[in-house]
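Heads up: the sequence shown begins at 1 in the UniProt record's numbering, then just goes up one per residue.
These notes are about the structure you will find just below.
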Amino acid sequence: MPNVGKPSKGCQHCRDGKVKCDLKRPSCSQCIRAGKECYGYRDPLSMMFKNESNVVRNKAQKKYEELSRKRAVKKTTSKRLLVRAKMSDGSSSDAMTTPQSLETASTIPRTASPPRPMTSSIENQAISFFAANNLLQPSVVERGNYQWLFEMLRVPKISIMLKSSANAVSLATFATANKSQPLMKKAQGHYARALTSTNEALSDPAKVYDDSTLVSVILLGVYEMFVFEKHSLTAWMQHLKGAGTLFALRGENQFKSRLARQIFMQFYKTSVAKGVELGTPVPDNMAKLYRSLTSMQDYTMHGVERQVEVLEKAISLMANEEGDPVTLVSDILGLDCELGLVKFLLRTLWRYETVYLDKPAEHVFGHYYHIYTNAWVINLWTVLRICRIRLYKFVRAQVNKGLQCSPPLFSDEDAQKHLNTCKQVISSQMLDICASTPQLTGQIAFPHQVKRDVDFLKAGVETLNLRNKMFTIHPQGTFLEPFQSTGLDHLIGPLYELGRSDYGPRLTQWAIDQLYFIASRIGTRQAIYLAEELEQKLKDESNFRDWHDPCPTSAQLAAGFPLMSSTRRM
């Protein structure tokens, strides 16, 4: 394979103009200044190899032809000399009558066997891209992320419905990451075919209970969230309800299958997390199925089960906006105590390290960051923190509502106490979400990347040597592994929650930057859409007239704030 030089990583406009590209996302500075649309950057993997098969084949063909001509000339010359020698010896004239019979070399060159294609179909590339950024294997119990999908896709004969659904989702993410409109149109075509075939399966009594039908409905909803247009949230809710109905129809017998258990657990986990974010309660029939499944030995984990129960209660409480403010505040404060007890049920598993910074670090908001055992634990903590943020925002609204009553339902002292608690809890939970983000975005290594022979879920994160350089801040994406997702898609909603809060423009800008990174990494339009919405908020200064920034500034950090130890156990 010839050396064709180091390929440029720049965007198309910068390569055409032969200018240095700063590689900023989502658009480089040169394109912004020129008022041009930046079409993004090429996939580094695709630039590692250049298919020179045609060039090599043409060279080989010419070489064979040249060798054949030389061989033919050599054979002809030697045979003619032989004939002349025989003639001079008085040999038979038969040698002269058929001189062609003496020329045995063929002038037809051999053709090289056709080479196999070096690249797979675009659908397979998209599936691989989706797997690399979304596949999360279960680490504690059978609760991973999309591992069941790729197990189903490995079956020799898969349904066209499932194949179209998977292609629609994966191509949509691949198209967004590469800013490719043709790929997006291809994804839309697969989506249309998947929608048609899924509707046909839902009306067929023989297919409505199949795993492929259920998974296709789920994937259609995932497609809407990744593409994320104005109608997407409504369409996603419809697919979500449809999948819930199918789960209910399948009943408890479906849990005899390990694959069905994995599908249900991911779906239910997502439903609860989205319920916390959007305030939508989980249907009773789904909750009943969850109770049935968690009674099985393989799914018994008391702390996690307790967390889900408390989250379900929180969603129900926040849905009761017309209730008595005093009663609601009291119930929520009691529920928050239950949330505080949950983490002690999984002491070793839930522990994390807190590392304090002595100077500002790029893409790190705040003066500290966390180190967790794995991404699954971070996602559990994030859901818990978002729940507390939403609960205390609800408490704040109820206290203000009670103060407007005549007479006021809260004394000035109690009201001020509640409001101060709300500010403190919301600030601390936001900063903790910020502190957990660098490990998910690949700025910090996970323990298994440092010591692969240790089970940190059992040993605990406190066994780590925090002086290892892999636990210091690196550029984003440094420690992201191929086909080992950190669940970045679960971070989109929490980042949006932080960005639209009333805690200052610095936090909003940080959330925007993280959303754009996630969009470029896993190819989701949802992250771009929400980042653009937050950018509109930044343009209006009235959104930040009265705000409290919970984080010290870079100047304060540079001056030595805070004066605390470098690490802390949690």
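Quick reminder that beta carbons are idealized off the backbone N, C-alpha and C, glycines included.
How many angstroms separate the CA atom of residue i from the CA atom of residue j?
| i | j | result |
| --- | --- | --- |
| residue 146 | residue 131 | 8 Å |
| residue 391 | residue 168 | 37 Å |
| residue 8 | residue 215 | 40 Å |
| residue 383 | residue 276 | 8 Å |
| residue 14 | residue 126 | 26 Å |
| residue 528 | residue 515 | 7 Å |
| residue 477 | residue 376 | 18 Å |
| residue 221 | residue 244 | 12 Å |
| residue 182 | residue 393 | 43 Å |
| residue 326 | residue 265 | 36 Å |
| residue 430 | residue 379 | 14 Å |
| residue 403 | residue 496 | 30 Å |
| residue 544 | residue 357 | 27 Å |
| residue 314 | residue 321 | 12 Å |
| residue 48 | residue 471 | For residue 48, the predicted model reports a pLDDT of 46, less than 50, meaning its position is unreliable; a value from the coordinates is still stated below. The alpha-carbon atoms of residue 48 and residue 471 are separated by roughly 29 Å. |
| residue 281 | residue 312 | 7 Å |
| residue 350 | residue 25 | 34 Å |
| residue 10 | residue 226 | 26 Å |
| residue 599 | residue 417 | It is not possible to answer for residue 599, since the shown part of the chain is limited to 1 through 570. |
| residue 341 | residue 310 | 10 Å |
| residue 428 | residue 385 | 9 Å |
| residue 219 | residue 517 | 23 Å |
| residue 180 | residue 39 | 8 Å |
| residue 51 | residue 489 | Low confidence applies to residue 51: its pLDDT is 49, below 50, so where it sits in the model is not reliable enough to give any reading. |
| residue 263 | residue 287 | 15 Å |
| residue 12 | residue 121 | 23 Å |
| residue 425 | residue 238 | 34 Å |
At what residues does the beta strand (DSSP E) containing residue i begin and finish?
| i | result |
| --- | --- |
| residue 356 | 353 to 356 |
| residue 369 | 368 to 371 |
Count the other CB atoms within 10 Å of the CB of residue i; is the residue buried (16 or more) or exposed (fewer)?
| i | result |
| --- | --- |
| residue 203 | exposed |
| residue 405 | exposed |
| residue 420 | exposed |
| residue 32 | exposed |
| residue 23 | exposed |
| residue 398 | buried |
| residue 17 | exposed |
| residue 231 | exposed |
| residue 196 | exposed |
| residue 556 | Only weak support exists for where residue 556 lies, its pLDDT of 45 falling under 50; the value from the coordinates is given anyway. That one is exposed. |
| residue 19 | exposed |
| residue 387 | buried |
| residue 261 | buried |
| residue 524 | buried |
| residue 521 | buried |
| residue 447 | buried |
| residue 224 | buried |
| residue 344 | exposed |
| residue 438 | buried |
Thinking C-alpha only, which one of the options is nearest residue i?
| i | options | result |
| --- | --- | --- |
| residue 251 | 278, 289, 237 | 289 |
| residue 473 | 441, 452, 487, 493 | 441 |
| residue 273 | 296, 447, 413, 381 | 381 |
| residue 253 | 136, 234, 401, 209 | 209 |
| residue 292 | 318, 256, 310 | 256 |
| residue 172 | 235, 153, 540, 129 | 129 |
| residue 445 | 242, 353, 517 | 353 |
| residue 271 | 241, 258, 35, 124 | 241 |
| residue 494 | 517, 207, 434 | 434 |
| residue 479 | 443, 508, 498 | 443 |
| residue 285 | 249, 150, 332, 304 | 249 |
| residue 318 | 333, 192, 410, 279 | 279 |
| residue 468 | 339, 41, 371 | 371 |
| residue 334 | 506, 395, 198, 207 | 395 |
Taking the continuous alpha helix (DSSP H) assigned at residue i, which residues delimit it?
| i | result |
| --- | --- |
| residue 387 | 375 to 403 |
| residue 189 | 181 to 202 |
| residue 294 | 284 to 294 |
| residue 539 | 525 to 539 |
| residue 136 | That residue, residue 136, is in no alpha helix (DSSP H); it is neither H nor E in DSSP. |
| residue 327 | 325 to 342 |
| residue 516 | 505 to 522 |
| residue 544 | No alpha helix (DSSP H) holds residue 544; DSSP gives it neither H nor E. |
| residue 213 | 211 to 227 |
| residue 34 | 29 to 34 |
| residue 38 | No alpha helix (DSSP H) contains residue 38, which DSSP labels as neither H nor E. |
| residue 10 | That residue, residue 10, is in no alpha helix (DSSP H); it is neither H nor E in DSSP. |
### Task
Jot down the residue ranges of each uninterrupted alpha helix (DSSP H) in the region 431 to 491, minimum 4 residues, whole runs only, in chain order.
Segments of the alpha helix (DSSP H) lying fully in the region 431 to 491: 447 to 450, 456 to 459.
### Message
Just to confirm the assignment: which complete alpha helix (DSSP H) runs, minimum length 4, are found wholly within the region 231 to 267?
### Response
DSSP assignment within the region 231 to 267 yields the following whole alpha helix (DSSP H) runs of 4 residues or more, N-terminal first: 232 to 250.
#### Entry: Residue ranges of each alpha helix (DSSP H) within the region 138 to 177, 4 or longer
Considered as a whole, the region 138 to 177 harbours 147 to 153 as its complete alpha helix (DSSP H) runs of no fewer than 4 residues, in chain order.
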